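Taken in sequence, the protein lines are chains S and Y.
What the first sequence shows, in my numbering, is residues 12 to 522, in sequence order.
What the second sequence shows, in my numbering, is residues 1267 to 1572, in sequence order.
Each remark here refers to the structure printed beneath this line.
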Amino acid sequence: MTSAIRLKLENIVKEYPGCRANDGIDLTVGAGEIHALLGENGAGKSTLMKVIYGVIQPDQGRIVWNGHEVRVDNPAQARRMGIGMVFQHFSLFETLTVAENIALSLPPDEARNRARLNQRIREVSERYGMALDPRRYVSTLSVGERQRVEIVRCLIQETTLLILDEPTSVLTPQEVSTLFATLRKLSKEGCSILFISHKLEEVRSLCHTATVLRQGRVSGDCQPADISANDIARLMVGDDTPISTQVTAAEPGATLIEIRGLGWKSKDPFGTSLSNVNLDLHKGEIVGIAGVAGNGQDELLKALSGEIRTGTGTITLDGVNIANLFPDQRRKLGVAIVPEERLGRGAVPDMSLADNALLTASGEGLVSRGLVRSGRVREFSREVIRRFGVRCTGENNTAGSLSGGNLQKYIIGREALQNPRLLVASHPTWGVDVGSAVAIHESLVRLRDEGASILLISEDLDELYQLCNRLGALCDGRLSPLAPTSELNIEQLGQWMAGEFESGEVAHAVA
Amino acid sequence: MELIVNVLAATVVAGTPLLLVALGELICERSGVLNLGQEGMMLMGAVAGFAAALSSGSLLVGVVAAIVAGIGMSLLFAFMAVTLAANQYAAGLALTIFGTGLSAFLGAGFVGSSIEGFSRVAIPLLSDIPVLGRVFFDQDPLVYVSFIAFAGVALFLRYSRAGLLLRAIGEDPEAANANGLQVLLVRYLAVAFGGAMAGLAGAYLSLAYTPLWTENMTAGRGWIALALVVFATWRPERLILGAYLFGAASILHLVLQGLGWKSSTELLAMLPYLVTILMLVLLSWNPARTRLNTPLSLGQPYRPGC
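Below, the structure is given as C-alpha cells:
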C-alpha cells in the first residue's frame, strides 16, 4: 500500500427532512487501497457514496481529491475526475449491446470508431480476467456478466477510484472469487477501491482498511483482517442488539408437500421459465433455495402461492393437488406467502396495519356475513404488533410509514398467527436491520418447531446455512438436487447456483 | 400491364402521407413519448400549408409553413407531457381535438379555393427503368422527400450515436439519467421531429394528394399511423412496408369498384385497415426481436430526480 492519499472526506454532513443521514463523517482512502465501508441499512453508506459520486451535494464538509479541495457537481464530473461507480441496481440497457452500453457513457469522439472500441473492451476485460463479448446484447447476459460490463465501463475511462455498492450480493461464490482477483489486481496497479458491503467475512478477506458507520456517524476505523467478524459487527450495530440467533436442531416429520414436474413457460422473452421442478417438504423443517437473482425464484414463489396456475406438473399438499387452485383457496388450506417486495405485494403502503392484516387473515374470524368486524381486526393487528415486537405507534400506522425491518416483522407475524402449514418466504431479511433480522429468524424457527414446513428463498448464503435443514439452488428455472446443510459445502452449492447439476432429478434423492 | 403500373404508382402516392407521419411518430415513440396528437398536428399542417401556398403562390412556402405549424403543435404537447410530466395519453388526445377544431376554424375561409398542387418530376435515367421507374421515380417531389426521410430515420436508428441515445432513453430514462444523458432535451427533440413530419404529411395531403382544403381531410390517417408504428414493432423497414400495403389496399378497393365488383362499398373501404394490420401481426411473431425494438418506457412520464 502506498502512502499517497487519493480521497479525503472531512466532516461531511447531509441532512434530510427528519434525519441526519451523514453527521460529520471523515474518511481517507489511499492510492491502491481497498477500503471497506460497512454499516447497516440506513447507517448512511449510500448517502456518503452519492456525495462522493456527485449525485447529491453535502450540506457541510470538504472533499479533497488528490490533494486539492473539489466540488463534485454531478456524476459526469466525477467520471472526468476518475471516479467510477457500480451501482447495486445496474444502469444498463437490455436492448443494446455491451459495446453500445459502454459507448453511451464515453465522450462522443472516443465512441465513434466502433471497431476500436470493441478492441478496447476486449483488451480491458481480458486483462482483468472478466471475459466479455462486446457484440452481445445485455438482455442475454447473466447478472454476473452484467456486473462485468459495469466494471469494464468504469475501467475503460481510466478510473482511479472505483466505488462498488454491495457487488457480491448478486454473485455465486465462484464469481465472487473471480471478482476479488480482479479487484486485487486493480489495487496493485494503484486504483483505489471503495467496497460497500455488510458481509463481514468478505470484507476481512479482501479489504486493507475499513470504516464502519452507525446512524450517520463513524463508529470505528479498523484493519478488518486483524479483528474478528464479531467485533466488526459490534461496531455496526452497537452493544445492545443481539447479532445472531442460536438455531436448535430440527426434527422433521412426515412429508407435507410433494412437487412433481412443475413447469411454467414465461411469456416475456427475457423472463425465466420454470422447468421440471421436483421438491419434497417435510413437516417441521426449513428448506432453503439459493440462487442468483432472476433465476426463477419469483416464479417458484408465484407457482406455490397460486399467482401462476398455468403450468404443468403437480403440487400435492397432504394428498390434495393444489396446482390449479386460486391463491385464496390455497390460503384456506394453510399456505402462507411472504413475498420479496414488502411494499406493493406483501402490504399496501397507504393502508393501515389493521387493514393490511385483513388482506390475508380474513379467514381468522375477522369477517362475518361479508361485513368486516373491525374490532376483531384491530385486536388481531395489535396481537401481531405485540407478539412480534413491531415498533410503531399503533395499528392505525400506515404500512408505508414503518421501517423495512418492522414492516417485515409485521408481515411475518400476520402469516405466523394464522398457523400456516406451509410458509414460503422470499428474501425475508433483505434490507432489514440486524436486530429485526434476528427476530425474523427466531419467528421462522418457532414456526418450524410448531410443525410447519418452511421454504426459504434467499440470496444470503449465511442465512441459508444458519437456518436450513436442507439446501438446493435454482438456476435458469431449474432446481438442483437438495442436500442436508451439514453435508453441503459452499463450493458445491456455488456450482449448483451456476447450473452445474443434472436437470430434472428428483430433488430429494440426495437427502 | 399499363393498369398494374398505374395502380402501383398510385399505391406509393397513397402510402406517402402515412409513411411521413408514421416515421415522425416512430422517432417520437422510440424516445418513450407516445403522442396521440398526430391527427391534430396533420390537420394543422394541412391547413397552414394550404393557406400559405395560396396566399404566397409558392408551394415551398406552403411546405415550410406546414412543418412550422406541426412543430408548434408538438411543442405545446411536449410542454405538457415532457416538462410538466402530464399524462401522455390525455395530452395527446387533447392535442388532436384542439388541432381538429382549430384547423376547421382557420380553414373555414379556404374551403372551395383551389391551387395548382405539386406535379410529377421524373428523375432522369432512374425513371427509365421499366415499371419501377414509373412507380418510384416519376412522382412529385414530396414522395422523394419521404424516401430520404425513410433512409435517414433507418440509418439514424441503426448507426448514429444520437440514435443510440434515443433508444437508450426510450428503454430506461432512469438509467439514462444515471449515465449523464439529457433525457428531457432528447425527448423534446424527438417530439418536435414527430411534429415536423406530421406537418409535412398534412402538407402532402393539401398540396399534392388533393390540392385543396376540406375540414377533417386527414380522414383518420393520423390514427392509422399510430397503429402502424406499433404493428411495425418500431422498425422503419416494416413501417414502409405497412404504409405501402395500406396504400395498395386503399387503391385496390377503388380498382375493384371500378371493375364492377359486386360487394358493399363499406366492406371494401374496410379492406386497407384489415389487410395492413393482419400482415403486420403476422410479421411480428418473433417476441425476442420485437422486444429488442420496443421502447419500454413508452407512455410513462419521467421526472428527473424522483
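Ideal Cβ positions, reconstructed from N, Cα and C, are used throughout, including at glycine.
Remember, predicted model here, so these are calculated numbers, not experimental data.
Option in the options with minimal Cα separation from residue i
{"i": "S:E212", "options": "S:V187, S:L197, S:I174", "result": "S:V187"}
{"i": "S:S116", "options": "S:I162, S:R147, S:W76", "result": "S:I162"}
{"i": "S:P360", "options": "S:T409, S:S316, S:I319, S:A494", "result": "S:T409"}
{"i": "Y:G1468", "options": "Y:Q1354, Y:N1482, Y:W1551", "result": "Y:N1482"}
{"i": "S:P280", "options": "Y:V1409, Y:Q1354, Y:V1377, Y:R1555", "result": "Y:R1555"}
{"i": "S:D237", "options": "S:M247, S:S216, S:G35, S:A260", "result": "S:S216"}
{"i": "S:S136", "options": "S:H293, S:R123, S:G72, S:I113", "result": "S:I113"}
{"i": "Y:G1465", "options": "Y:P1570, Y:V1327, Y:G1446, Y:A1535", "result": "Y:V1327"}
{"i": "S:E200", "options": "S:F512, S:T171, S:A221", "result": "S:T171"}
{"i": "S:G249", "options": "S:Q226, S:A260, S:Q234, S:I451", "result": "S:Q226"}
{"i": "S:I45", "options": "S:L285, S:E269, S:L194", "result": "S:L194"}
{"i": "S:L472", "options": "S:E461, S:S447, S:P439, S:I207", "result": "S:P439"}
{"i": "Y:L1473", "options": "Y:S1379, Y:Q1354, Y:A1370", "result": "Y:S1379"}
{"i": "S:V65", "options": "S:I243, S:T189, S:N85, S:G424", "result": "For the record, residue 65 of chain S in the displayed sequence is Gly; it is not Val. Of S:I243, S:T189, S:N85, S:G424, the residue nearest in Cα terms is S:N85."}
{"i": "Y:G1306", "options": "Y:G1365, Y:G1373, Y:T1476", "result": "Y:G1365"}
{"i": "S:Y139", "options": "S:P431, S:E177, S:L190", "result": "S:L190"}
{"i": "Y:S1324", "options": "Y:Y1510, Y:I1381, Y:E1532", "result": "Y:I1381"}
For residue i, the residue or residues it bridges with in DSSP
{"i": "S:P495", "result": "S:R481"}
{"i": "S:C30", "result": "S:Y27"}
{"i": "S:V229", "result": "S:L224"}
{"i": "S:M96", "result": "S:I174"}
{"i": "S:N332", "result": "S:T327"}
{"i": "Y:V1457", "result": "Answer by DSSP bridge pairing: none, since Y:V1457 is not bridged."}
{"i": "S:R489", "result": "S:C486"}
{"i": "Y:Q1405", "result": "Y:V1387"}
{"i": "S:S373", "result": "Paired residues: none, contrary to the question."}
Limits of the alpha helix (DSSP H) - the one that residue i falls within
{"i": "S:T170", "result": "Taken as a continuous stretch (DSSP letters only), S:T170 belongs to no alpha helix (DSSP H), as it is neither H nor E."}
{"i": "S:R73", "result": "S:R73 -> not in any alpha helix (DSSP H); beta strand (DSSP E) instead, spanning 71–76."}
{"i": "Y:R1386", "result": "Careful: Y:R1386 lies outside any alpha helix (DSSP H) and carries neither H nor E."}
{"i": "Y:E1268", "result": "1268–1296"}
{"i": "Y:S1322", "result": "1304–1322"}
Partners in chain S for residue i, counting only beta-carbon separations shorter than 7 angstroms
{"i": "Y:P1553", "result": "P280"}
{"i": "Y:D1438", "result": "F104"}
{"i": "Y:L1450", "result": "Near Y:L1450 there are no residues of chain S at all, since even the closest Cβ is about 15 angstroms away, more than 7 angstroms."}
{"i": "Y:A1420", "result": "By Cβ distance, chain S contributes nothing, its closest Cβ being about 17 angstroms from Y:A1420, past 7 angstroms."}
9 angstroms Cβ cut-off: residues of chain Y touching residue i
{"i": "S:P119", "result": "R1427"}
Beta-carbon neighbours of residue i, restricted to chain S and to distances below 8 angstroms
{"i": "Y:A1444", "result": "P86, F98, S102"}
{"i": "Y:L1447", "result": "L115"}
{"i": "Y:A1456", "result": "In chain order: nothing, as chain S lies at least about 16 angstroms away."}
{"i": "Y:R1433", "result": "F104, T106, L107"}
Close Cβ partners of residue i (< 6 angstroms) along its chain, the five nearest in sequence each way excluded
{"i": "Y:I1270", "result": "none"}
{"i": "Y:C1294", "result": "N1301, A1456, V1457, G1460"}
{"i": "Y:G1513", "result": "T1277, A1280, G1281"}
{"i": "S:P350", "result": "R356, G357, S437"}
{"i": "S:E406", "result": "L364, A365, R389, S392, R393"}
{"i": "S:V324", "result": "Per the sequence shown, the amino acid found at residue 324 of chain S is Gly instead of Val. R271, G272, L273, G274, listed in sequence order."}
{"i": "S:R125", "result": "none"}
{"i": "S:R159", "result": "M141, L143"}
7 angstroms CB neighbourhood of residue i in its chain, flanking five on each side removed
{"i": "Y:I1506", "result": "L1285, F1416"}
{"i": "Y:A1335", "result": "M1310, G1311, A1314, G1465"}
{"i": "Y:I1517", "result": "V1273, A1276, T1277, A1280"}
{"i": "S:D34", "result": "V24, G227, R228"}
{"i": "Y:E1291", "result": "N1301, Q1304, G1460, A1491, L1492, V1495"}
Under 7 angstroms from the C-beta of residue i: neighbouring residues of chain Y
{"i": "S:A10", "result": "Any answer about residue 10 of chain S is impossible in this case: the structure gives chain S only from 12 up to 522."}
{"i": "S:E111", "result": "L1430"}
Extent of the continuous beta strand (DSSP E) run through residue i
{"i": "Y:S1563", "result": "Careful: Y:S1563 lies outside any beta strand (DSSP E) and carries neither H nor E."}
{"i": "S:A47", "result": "45–49"}
{"i": "S:H293", "result": "285–293"}
{"i": "S:E269", "result": "266–275"}
{"i": "S:I319", "result": "Run containing S:I319: none; DSSP gives neither H nor E here."}
{"i": "S:F206", "result": "203–208"}
{"i": "S:G140", "result": "It is not in any beta strand (DSSP E) - S:G140 carries neither H nor E in the DSSP assignment."}
{"i": "S:E80", "result": "79–81"}
{"i": "S:G299", "result": "297–301"}
Listed by chain order, chain S residues near residue i by CB distance under 9 angstroms
{"i": "Y:R1557", "result": "E105, T106, S150, D279, P280, F281"}
{"i": "Y:A1498", "result": "Ordered by position in chain S, no residue passes the 9 angstroms Cβ test against Y:A1498, which lies about 16 angstroms from the chain."}
Own chain residues within Cβ distance below 8 angstroms of residue i, not counting five before or after
{"i": "Y:P1561", "result": "E1295, R1296, S1297, G1298, R1433, G1436, E1437, W1500"}
{"i": "Y:P1502", "result": "L1289, L1292, F1416, V1419, A1420, L1423"}
Any non-hydrogen atom of the ligand FAD closer than 6 angstroms to residue i Cβ
{"i": "Y:L1534", "result": "For the structure depicted, the ligand FAD is absent and the ligand set is empty, with no information on it obtainable."}
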